[in-house]
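Numbered per our numbering, the sequence shown spans residues 405 to 832. A virtual CB, placed ideally from N, CA and C, is assigned to each residue, including glycine. Below: the structure, in structure tokens.
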Amino acid sequence: MLGEKLHEETNSSDGPSALSSSLWVDCIQASEMCNQNPHCSSRYRVMRQCLVGKEKETMLDNNKECQAALEVLLVSPLYDCRCKRGMKKELQCLQNYWTIHMGLNEDMEDLSPYEPIAPNRQPDEFGLAAISSGTTLTEKNCNPCLVATKACNLNGICKRQRSTYITTCSKLDTNKGESCNRKRCHKALRAFLDRVPPELSHGLLFCPCQTVGCAERRRQTIVPECSYIDKEKPNCLELRTTCRQDYLCRYRLADYMNNCGKTPHTMGTCPNKDNHQACLASFVRLIGTEMTPNYVDSSSTNWTISPWCTCKGSGNQEEECLNFLRHFTNNTCLSEKIHFILYQINVKMSLSHALLETSFLLNRKEAFQHALWTKRSSFFFILLSNLISSHSEILLCFTDVLQLCIAALKDMTNDVFHLCRRPVTRLG
């Protein structure tokens, strides 16, 4: 059948799944290109009619006009088109993609419509530069989620978008008598995650917690009472069906499964050449859909992430349900990336605090130079100088040693110093 033919072509090395970023156009542009060709345009209109109603699968397999239309579109730019994550007309782009790929074969449910993400992209996961100036360390054991919130509030876009989704998700929906308008809440969350730099949004979503209070604040980041929790917990397969009935949720879930879902043929812990970054991006973009994931409790150590669903009452579909749920609760690709982010944020926060204390201890260049040559402090300043002037990766490795330097300086003098404005000259 034609759907099977398309499935075979899609899974070949020349199908859209294998396209490099230089070989595809977005589906809005592809639609415009098709509309400029009378033959393609007429077949495109026929194809959209074939996908209307509950009998679309039968129409595609048995209706000759639908088959002829699809044959033409398979060699048009529409077949190889993709959508850009967070693009302005994302929903329209997905609808165009849907016209070609939707409902042709059940095995295509997890085909991602989005452009590939290049592997090994490691952006700065948490920006502390914005909060390092003018800040004093008042507590040794600060709450990382509070630090992330402060970083967000010092960025105009992050502060505005965060305030918008919190207000929207906390507002009572008087028209329906509900605690909130969930659709508006989801839309505001998607806007926040699409418009705010990942180094700020990831700091809020993945702040490294060592206490229950911090972990609960992290769980509350997406206002789960509105965006996540429902009156009843649906079966996970039913939730998946609901998700697949919506363009946005369907394809964001497909993107997640494509980038995070492990199959018997997957080499390593992640598909797509162990591309952990693509998995994380796909996971974050599920937030604000019917398949919104979140932390299931306030555990600061053994945390679990899951959509709001259960596999109880699955009957003879229990194994299928559990396999689907494990893509969230027991996903090695996702958990490795999140653990890496938690570690990375924790190290950067520790380093930031160390430098803040150092700047508090060093008051002026003259005092610094005087202390530098004292017998008691020379070793620590030489070490500190080497650390500051070394590569950032080496600097991160010696955060604990830097803390020892600070402790030694506190014992060394009662004077209050500030760090020199010019870089410290490496000694020796």
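Option in His505, Cys562 and His606 with minimal Cα separation from Ile742
The residue you call residue 742 lines up with position 338 of the sequence shown. Here the closest residue by C-alpha is His606.
Which residue's Cα is closest to the Cα of Thr625: Leu498, Asp701, Ser574 and Leu609?
As a position in the sequence shown, residue 625 is number 221, starting the count at 1. That would be Leu609, whose Cα lies nearest to the Cα of Thr625.
Return helix, strand or coil for Pro638, following the three-state DSSP convention.
Looking up residue 638 in the sequence shown gives position 234. Three-state result, Pro638: coil.
Span separating the alpha-carbon of Ser435 from that of Arg588:
What you label residue 435 is simply residue 31 of the sequence shown in a count that begins at 1. What you label residue 588 is simply residue 184 of the sequence shown in a count that begins at 1. Between Ser435 and Arg588, the C-alpha separation is close to 29 Å.
How many Å lie between Thr572 and Gly692 at the Cα?
Your numbering for residue 572 matches position 168 in the sequence shown. Your numbering for residue 692 matches position 288 in the sequence shown. So the two alpha carbons sit approximately 13 Å from each other.
So Ile504 and Tyr518 are supposed to be a Cβ contact under 8 Å. How far apart are they, rounded?
The residue you call residue 504 lines up with position 100 of the sequence shown. The residue you call residue 518 lines up with position 114 of the sequence shown. In fact, because the Cβ distance is near 15 Å, the residues do not count as touching under 8 Å.
Just to confirm the assignment, what range does the beta strand (DSSP E) spanning Asn698 have?
Along the sequence shown, one-based indexing puts residue 698 at 294. Start and end: Pro697 to Tyr699.
What does DSSP give as the partner residues of Ile709 in its beta bridges?
Locating residue 709 in the sequence shown gives position 305, where the first residue counts as 1. Tyr699.
Which partner residues of Cys487 appear in the DSSP bridge assignment?
The residue given as residue 487 occupies position 83 in the sequence shown. According to DSSP, which records beta bridges pairwise, Cys487 is partnered with Tyr518.
Determine the burial state of His443: buried for a count of at least 16 other Cβ atoms within 10 Å of its Cβ, exposed for fewer.
The sequence position of residue 443 within the sequence shown is 39, counting from 1. Classification for His443: exposed.
Status (buried if at least 16 other CB within 10 Å, exposed otherwise) for Glu797:
Translated into the one-based positions of the sequence shown, residue 797 becomes position 393. Caution is warranted here: a pLDDT of 35 is assigned to Glu797, below 50, making its placement in the model unreliable, and the coordinate value is therefore given only provisionally. The residue is exposed, with fewer than 16 neighbouring Cβ atoms inside 10 Å.
Taking the beta carbon of Asp634 as the centre, do at least 16 other beta carbons fall within 10 Å, making it buried, or is it exposed?
Here residue 634 is taken as the residue at index 230 of the sequence shown, counted from 1. Exposed, since its Cβ has fewer than 16 Cβ neighbours within 10 Å.
Three-state secondary structure assigned by DSSP to Glu694
The count along the sequence shown starts at 1 and reaches residue 694 at position 290. Three-state result, Glu694: coil.
Spatial neighbours of Asp418 in its chain, beta-carbon cut-off 8 Å, leaving aside the 5 residues before and after:
If you number the sequence shown from 1, residue 418 lands on position 14. The predicted model places Asp418 with a pLDDT of 38, which falls under 50 and marks its position as unreliable; any figure quoted below should be read in that light. Taken in chain order, the list of residues that qualify is empty.
What does DSSP give as the partner residue(s) for Glu582 in the beta ladder?
Within the sequence shown, the letter at position 178 stands for residue 582. Bridge partners of Glu582: Asp577.
Are the Cβ atoms of Tyr660 and Ser686 separated by less than 7 Å?
Counting from 1 along the sequence shown, the entry for residue 660 is found at position 256. Counting from 1 along the sequence shown, the entry for residue 686 is found at position 282. It is a contact, given that the beta carbons lie within the stated cut-off.
Just to confirm before moving on: does the CB-CB distance between Arg656 and Leu604 stay below 7 Å?
Position 252 of the sequence shown, counting from 1, holds the residue named residue 656. Position 200 of the sequence shown, counting from 1, holds the residue named residue 604. Cβ distance not < 7 Å, so Arg656 and Leu604 don't count as in contact.
N-terminal and C-terminal residue of the alpha helix (DSSP H) that Gln721 is part of:
Reading the sequence shown from its first residue, position 317 is the one you call residue 721. Run containing Gln721: none; DSSP gives neither H nor E here.
With H, G and I counted as helix, E and B as strand and the rest as coil, what does DSSP make of Thr714?
Numbered from its first residue, the sequence shown carries residue 714 at position 310. Note: Thr714 maps to strand in three-state DSSP.
Closest to Ser703 by CA distance: which of Leu726, Arg644, Cys470 and Cys618 is it?
For the purposes of this step, residue 703 is taken as residue 299 along the sequence shown, with counting starting at 1. Residue Cys618 is the option with its Cα nearest to Ser703.
When the Cα of Leu662 is compared with those of Gln496, Arg447 and His731, which residue comes out closest?
Sequence index remark: in the sequence shown, residue 662 carries index 258 (1-based). The identity of residue 662 in the sequence shown is Asn, whereas the question assumes Leu. Minimum Cα distance to Asn662 is reached at His731.
According to DSSP, is Asp659 helix, strand or coil?
Sequence index remark: in the sequence shown, residue 659 carries index 255 (1-based). In the structure shown, Asp659 sits in a helix (DSSP, three-state: H, G or I).
Do you know offhand how far Asn557's Cα is from Ala592's?
Counted from its first residue, the sequence shown places residue 557 at position 153. Counted from its first residue, the sequence shown places residue 592 at position 188. Their Cα atoms are separated by approximately 17 Å.
Name, in chain order, the residues that DSSP records as bridge partners for Asp362.
The structure shown does not extend to residue 362, since the chain spans only 405 to 832, so no value can be given for it.
Candidates Cys630, Pro481, Ala595 and Ser516, of which the one nearest Arg564 by Cα
Within the sequence shown, residue 564 is the residue found at index 160, counting from 1. Selected option, being the one with the closest Cα: Ala595.
Quick check on Asn735: does DSSP put it in helix, strand or coil?
For the purposes of this step, residue 735 is identified with residue 331 of the sequence shown, where counting begins at 1. Coil, per DSSP.
Straight-line Cα distance separating Leu455 from Asp620
To locate residue 620, count along the sequence shown from 1; it is residue 216. To locate residue 455, count along the sequence shown from 1; it is residue 51. The amino acid at residue 620 is misidentified as Asp; the sequence shows Glu. Distance between the alpha carbons of Glu620 and Leu455: 45 Å.
With a CB to CB cut of under 6 Å and the five nearest residues on each side skipped, what residues in its chain are close to Cys611?
As a working mapping, residue 611 is identified with position 207 in the sequence shown. The residues are Pro548, Cys549, Ala552 and Arg622.
Let me confirm a value: Gly560 is counted as buried when at least 16 other C-beta atoms fall within 10 Å, else exposed. Which label applies?
Numbered from 1 along the sequence shown, position 156 holds the residue referred to as residue 560. Exposed.
Here's the rule I'm using: 16 or more other beta-carbon atoms within 10 Å means buried, otherwise exposed. How should Arg449 be labelled?
For the purposes of this step, residue 449 is taken as residue 45 along the sequence shown, with counting starting at 1. Classification of Arg449: exposed, given that the 10 Å Cβ count is below 16.
Please state whether DSSP places Phe728 in a helix, a strand or coil.
Start at 1 with the first residue of the sequence shown, and residue 728 comes out as number 324. It is helical.
Rounded straight-line distance, which links the Cα of Pro602 to that of Phe744
Within the sequence shown, numbered from 1, the residue matching residue 744 stands at position 340. Within the sequence shown, numbered from 1, the residue matching residue 602 stands at position 198. Roughly 15 Å between the two C-alpha positions.
Tell me where the alpha helix (DSSP H) around Lys493 begins and ends.
As a first step, residue 493 must be located in the sequence shown, where it is residue number 89. Careful: Lys493 lies outside any alpha helix (DSSP H) and carries neither H nor E.
Same chain, Cβ closer than 6 Å to Thr708, neighbours up to 5 away in sequence not counted
The residue labelled residue 708 in the question sits at position 304 within the sequence shown. Val700 and Thr733, listed in sequence order.
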